[in-house]
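Read left to right, the sequence shown gives residues 95 to 309 (this note's numbering). For every residue, glycine included, the Cβ atom is placed at its ideal position computed from N, Cα and C. The structure displayed is predicted, hence computed values, not measured ones. Since the structure comes first, as structure tokens, the remarks are kept for the end.
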Amino acid sequence: MSKVKNVLKVFIISCTIFIVVVILFISPLTKFLIEKYDVKYFGREIKMDWVYVNPFSGYIHFSNLKIYALQSDSIFFSAKRLNANLKMNKLLSQTYEFSSLTLDYPKGHIFQNKEYFNFNDLIAKFSSKENSKSKKEPLHFSILNIKIHNGEFHYREIVTPINYFIKNVNIESKGFRWNVDTIPISFSFLSGIGTGSTKGDFVINSKNKNYTLAT
């Protein structure tokens with residue numbers, strides 16, 4: 095019995111060390127790969143202070159995430175914290191499902207000049223003709239339990255002109271599933287300039303674009 099116990103102890107210790115080593119190495123490696131290949135695959139420079147990835151539980155954490163504007167050193171989008179949980183057991187069935195996604199203190203900047211928006215490049219990249227003509231079976235992608243805490247979003251349009259922003263943006267949604275059309279959203283925010291607040295519920299059908307809005 096003593097030999098069995100010793101073997102079992104060695105096995106448990108070895109597994110624990112393996113898990114710790116994998117987590118310690120995969121987190122900085124993830125940060126390195128994202129910041130090295132960000133422009134190649136995403137089209138924008140991405141920076142963050144540190145990353146924590148647990149490949150066994152599927153938990154992901156980004157600290158001080160920054161996405162820069164196209165070919166610029168100005169920040170397009172940032173968040174103090176991004177937390178997500180990926181369902182690892184569903185990857186084998188070509189299903190990418192995040193059971194939760196939380197953004198703390200996100201800040202975004204939208205710029206418009208006539209028909210140009212500062213996110214046109216992202217739309218063009220992720221809706222390219224190559225992607226639409228792909229014959230491969232589409233991946234099943236779902237994000238559930240989405241939460242945005244204390245966000246701030248700026249909008250600037252130079253023709254009218256408009257320079258406005260909203261703050262204390264809080265958004266909660268059950269999220270969307272690849273096989274469900276409707277997306278429910280609850281929101282609230284304050285006017286960044288002057289006074290006023292808004293809160294309400296929004297439901298959109300992603301297939302036919304019908305929606306209902308109560309504020």
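The stretch 279 to 286 makes contact with the stretch 261 to 268, as at least three CB pairs between them are under 8 Å. With contacts defined by Cβ atoms closer than 9 Å, L233 and Q188 form a contacting pair. Per DSSP, F220 lies in no beta strand (DSSP E); the unbroken alpha helix (DSSP H) holding it starts and ends at N214 to F220.
Judged by DSSP secondary structure, L164 falls outside any beta strand (DSSP E); it is assigned neither H nor E. DSSP places L307 inside the beta strand (DSSP E), whose first and last residues are Y305 to A308. Between the C-alpha atoms of T196 and N244 there is a straight-line separation of about 11 Å. For Y190, the enclosing beta strand (DSSP E) begins and ends at T189 to D198. In this structure, the straight-line span from the alpha carbon of F213 to that of L186 is close to 33 Å. Rounded to the nearest angstrom, the Cβ distance from F259 to G294 is 19 Å, too far for a contact under 8 Å. Between the C-alpha atoms of T306 and F296 there is a straight-line separation of about 6 Å. Here L159 is actually not in contact with S168; their C-beta atoms are around 15 Å apart, not less than 8 Å. If you look at V297, you'll find it in the beta strand (DSSP E) that goes S291 to N299.
Proximity of the stretch 201 to 208 to the stretch 247 to 257 meets the contact definition, three or more beta-carbon pairs being nearer than 8 Å. Nearest C-alpha to S151 among F126, K181 and P255: K181.
In the DSSP assignment, E246 forms a beta bridge with K201. Under DSSP, R271 shares a beta bridge with no residue. Contact annotation: N257 and E246 have beta-carbon atoms that are not nearer than 9 Å. DSSP places F281 in the uninterrupted beta strand (DSSP E) bounded by T276 to S285.
Under the 10 Å beta carbon count, P200 is surrounded by 16 or more other beta carbons and is classified as buried.
Judged by beta-carbon spacing, R138 lies beyond the 9 Å limit of L118, meaning their Cβ atoms are not closer than that value. For the options T124, T292 and I277, the alpha carbon positioned closest to that of N302 is the one of I277.
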